[in-house]
Amino acid sequence: MRRGSTALLVGALLLAWPAAARAERPPFYRVIDSWASQDLAAAERFTLQVDPSTPARIAAEGIVHAMKGEFLLAQDKLQRVQQEVGDYLLINEIHALCCAMNGKFARAREVLGEDDDGVRPLRMAVEGPFRSKFPLAAPLLERISDAGHYRIVSDVGLPLPLPKLEEKLRAAVDPAERKALEDKIRRQHKALVELCEIMDKAYANFERMFGELRRVEGVATVYVFADRARFEEFRAAFNLHSEHVIGSYFPIARTLVFYEQGGKEDLAASAGLSIGADTLRTLLHESFHQYLHLCVDRAPPWLNEGLADFFGIRLSEQILRQRDPDGPPIYPERLKDVVFLREKAAPLAPVLPLADLMAQDQATFMSTPPRAFTNYAQSWIFVHYLASTSAGRGYLLGYLRGLREGLSVLNLNGKLLGLPEQRAKLEKGWRRHAGRLHKHHLEQDPKMAEWFEQQLEKLRKRSAEGR
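Residues -9 to 457 in our numbering are what the sequence shown spells out, letter by letter.
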């Protein structure tokens, strides 16, 4: 899922104000509005208009720090004014979110208090759906990854259903008996350890390529649910619904949410993973969106999605291969899509010139399924092409540095594409790269070519049907 689509996530947190009335609101409330739309420039502008002698000014400065990812500074300011500003629920929630990002989860829950319905977005991001229903079992579903960058919360792979676990914990009234049961559950909950290892591996890979760009630290929360119902409950709190999504990144809450959709007969099962291959790939894809948010406020969709696919596909293949060296060859799903497009077999959404692909905003990039399908595939292979050489990686780093420095996308696109000769070289280059990559994968297994043709035929049918 894309970052740009989440600008509306917390609209439900605020009262609906007509445009004219909104323009007349006091500056502090305009800062609140800016938080809801994640408009940092507006938040900074309206903060300067708040009376500097009032607690509201300190609160506004805290909100700006939170929007910048400066969570320690934000926590300090919001903690100082929590009582003075009054019981403004959103301020408490932003304060709690900052505490969580600083790894202070007990303090975050303390800030939130207990007199809430538990379905407001930021509260849901901090607490999740387990604590209100399973207060004794919930702590057993959490773990901080060894490197300290993630809090993982998951009920995947529990040795018994959550209601039964809660019941057994409640029945264990003797402290020693309960502790023994808790220790046993933690040992048996191997999926939690596995997810922590996956996330730490992902972070280390992100750092190797982009660590110099990261501006802030933070402990991001990752929810991986054992069924879709709790996943949808979480997404409903953010007023987001999409039928075919198994994972999302919510940038306002700096939170990743997934569900395990099953399919244990897939590649991940042979590798002994607790989650399926699709869930693994989506987890790594969305995790890159979260990491990139630590580096830049916004990135154009071709770059954001292309890089997320690059890491999601590459790391999932590495993890599967390391756990099962003798497993079947893996053909990247996106590469199949790219070869299909390269052969001009998608008349409903043909490949775009790079300049047009890179100029798209979020809404255009994600428009209709055939167009979005093409955009994702082309963005992935173009990023893969750039990342395959030291010069190309330099282009990617330079582009992101430019975003950090405030250069426009138009300016950066011009620098990357260069003069017509350079542009033509890039256009030919990514297509040749796709062909080489395709040939390499087919040579891994004699049966792969037959399988690929079957998959290609399915894509042709989908394209002919307009899907």
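For every residue, glycine included, the Cβ atom is placed at its ideal position computed from N, Cα and C.
{"Check": "Please classify Ile142: does DSSP put it in a helix, a strand, or coil?", "Outcome": "strand"}
{"Check": "Would you please state the rounded distance, in angstroms, between the beta carbons of Ser369 and His423? I believe it to be under 8 Å.", "Outcome": "Rounded, the Cβ-Cβ distance is 13 Å, inconsistent with contact."}
{"Check": "Excluding the five sequence neighbours on either side, which residues of its own chain have a C-beta within less than 7 Å of the C-beta of Arg168, listed in chain order?", "Outcome": "Leu159 and Ala162"}
{"Check": "Specify the secondary structure class of Phe355 as computed by DSSP and reduced to three states.", "Outcome": "helix"}
{"Check": "Would Val54 and Ala90 qualify as a contact pair, given that the criterion is a beta-carbon distance under 8 Å?", "Outcome": "no"}
{"Check": "Give the range of the alpha helix (DSSP H) segment to which Val235 is assigned.", "Outcome": "Where Val235 is concerned, there is no enclosing alpha helix (DSSP H), given that its DSSP letter is neither H nor E."}
{"Check": "Do you know how far the Cα of Val101 is from the Cα of Gln308?", "Outcome": "41 Å"}
{"Check": "Is the stretch 338 to 348 close to the stretch 378 to 396, with three or more CB pairs under 8 Å?", "Outcome": "no"}
{"Check": "So, for Val209: in the same chain, excluding its five sequence neighbours on each side, which residues have a beta-carbon less than 8 Å away from its beta-carbon?", "Outcome": "Ala90, Met91, Asn92, Gly93, Ile134, Gly138, His139, Tyr140 and Arg141"}
{"Check": "Ala243 and Pro111 look like a contact to me (Cβ under 8 Å); what is the Cβ gap, rounded to whole Å?", "Outcome": "6 Å"}
{"Check": "What residue range does the alpha helix (DSSP H) around Tyr213 cover?", "Outcome": "Where Tyr213 is concerned, there is no enclosing alpha helix (DSSP H), although the beta strand (DSSP E) it sits in stretches over Ala210 to Phe215."}
{"Check": "Counting only the same chain and skipping the five closest in sequence on each side, list residues whose C-beta sits under 6 Å from that of Ala11.", "Outcome": "A caution first: Ala11 carries a pLDDT of 46, below 50, which makes its placement in the model too unreliable to give a value."}
{"Check": "Since Val247 is in the beta strand (DSSP E), which residue starts that stretch and which ends it?", "Outcome": "Thr245 to Tyr249"}
{"Check": "Rounded to the nearest angstrom, what separates Ile371 and Ala362 at their Cα positions?", "Outcome": "14 Å"}
{"Check": "Just list the beta strand (DSSP E) runs in the stretch 104 to 189, keeping only unbroken ones of 3 residues or longer that don't cross its boundaries, in chain order.", "Outcome": "132 to 134 and 140 to 144"}
{"Check": "By DSSP, does Arg204 sit in helix, in strand, or in coil?", "Outcome": "coil"}
{"Check": "From Ser306, Thr44, Ala56 and Pro45, pick the residue whose C-alpha is nearest to that of Ala515; which is it?", "Outcome": "Any property of residue 515 remains undetermined from this structure, which presents the chain solely from -9 to 457."}
{"Check": "Classify Tyr78 as helix, strand or coil using the three-state DSSP reduction.", "Outcome": "coil"}
{"Check": "On the criterion of 16 or more Cβ atoms from any shown chain inside 10 Å, does Ala381 qualify as buried, or is it exposed?", "Outcome": "exposed"}
{"Check": "Quick check on the burial criterion: 16 or more other C-beta atoms within 10 angstroms. Buried or exposed for Val212?", "Outcome": "buried"}
{"Check": "Just to confirm the assignment, what range does the alpha helix (DSSP H) spanning Val101 have?", "Outcome": "Phe95 to Leu102"}
{"Check": "Expressed to the nearest angstrom, what Euclidean distance is found between the alpha-carbon atoms of Ala166 and Arg324?", "Outcome": "52 Å"}
{"Check": "Considering only residues of the same chain and omitting the five flanking positions on each side of Ile175, which have a CB-CB separation below 6 Å?", "Outcome": "Leu130"}
{"Check": "Assuming Cys88 contacts Gln72 under a Cβ cut-off of 8 Å, what Cβ separation, rounded to an integer in Å, is found between them?", "Outcome": "About 11 Å; that fails the 8 Å criterion."}
{"Check": "Any idea if Val40 is buried or exposed, counting beta-carbon neighbours within 10 angstroms, 16 or more meaning buried?", "Outcome": "buried"}
{"Check": "Which of the three DSSP states, helix, strand or coil, is assigned to Arg324?", "Outcome": "helix"}
{"Check": "Ala335 by DSSP, collapsed to three states: which one?", "Outcome": "The predicted position of Ala335 is uncertain, since its pLDDT is 48 and thus under 50; a value taken from the coordinates is nonetheless stated next. Coil."}
{"Check": "Which same chain residues, not among the five before or five after Val143, have their C-beta less than 6 Å away from its C-beta?", "Outcome": "Gly118, Leu131, Glu132 and Tyr213"}
{"Check": "Out of Asp327, His430 and His283, point me to the one whose CA is closest to Arg459's CA.", "Outcome": "The question about residue 459 has no answer here: the residues shown for the chain are numbered -9 through 457."}
{"Check": "Taking only three categories from DSSP, how would you classify Gly302?", "Outcome": "helix"}
{"Check": "From Ala127 to Arg121, what distance separates their C-alpha atoms?", "Outcome": "8 Å"}
{"Check": "Taking the Cβ atom as the reference point for each residue, do Leu274 and Phe248 lie within a distance shorter than 8 Å?", "Outcome": "no"}
{"Check": "Run through DSSP, which three-state label would Arg271 get?", "Outcome": "helix"}
{"Check": "Would you give the residue range spanned by the alpha helix (DSSP H) that Ala289 belongs to?", "Outcome": "That residue, Ala289, is in no alpha helix (DSSP H); it is neither H nor E in DSSP."}
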